[in-house]
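Worksheet: the structure to be examined is printed underneath.
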Amino acid sequence: MKTVNTNKAPEALGPYSHATVVNDLVFTSGQIPLTLDGNIVSDDVQEQTKQVLENLTVVLQEAGSDLDSVVKATIFISDMNNFQKINEIYGDYFGKYQPARSCVEVARLPKDVKVEIELIGKVKE
């Protein structure tokens, strides 16, 4: 088992790592739309989704993976009415490759953001 952290993504808000690699799988912690300096990127749900996916991209890279190697995504959103807007941005990042996915509306997310995403991916050989 290997712990993964990168200075290219915002620091964790608590006692956890950006990701953990076990065998050939990487499990990311949920990422919220923080910039490197720890600020929320915007109040706009699509800008938040872009920032989350950018953060996840660098975490996956640090772990030896990428978005094309993701096998499962879990999306937490604060308002199901934002589902389509989030989906548009998500689709831009994943394109034709569509990993398994769950999307859940939750009562509240850290720092009252609108979206949080966690991924499970395969480490490239």
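Its first residue numbered 1, the sequence shown is counted upward by one per residue in full-length UniProt numbering. Even for Gly, the Cβ is constructed at its ideal location relative to N, Cα and C.
Per DSSP, what kind of secondary structure is residue i in: helix, strand or coil?
i       : result
Lys-122 : strand
Lys-2   : strand
Thr-57  : helix
Thr-35  : coil
Lys-114 : coil
Ser-102 : strand
Ala-73  : strand
Count the other CB atoms within 10 Å of the CB of residue i; is the residue buried (16 or more) or exposed (fewer)?
i       : result
Lys-15  : The sequence given here places Pro at residue 15; Lys does not occur at that position. Exposed.
Val-106 : exposed
Could you tell me the boundaries of the alpha helix (DSSP H) in which residue i lies?
i      : result
Lys-85 : 83-94
Taking the continuous beta strand (DSSP E) assigned at residue i, which residues delimit it?
i      : result
Ala-9  : Here Ala-9 belongs to no beta strand (DSSP E), and DSSP marks it neither H nor E.
Leu-25 : 25-28
Ala-19 : 19-22
Taking one C-beta from the segment 94-102 and one from the segment 55-66 each time, how about it: are there three or more such pairs within less than 8 Å?
no
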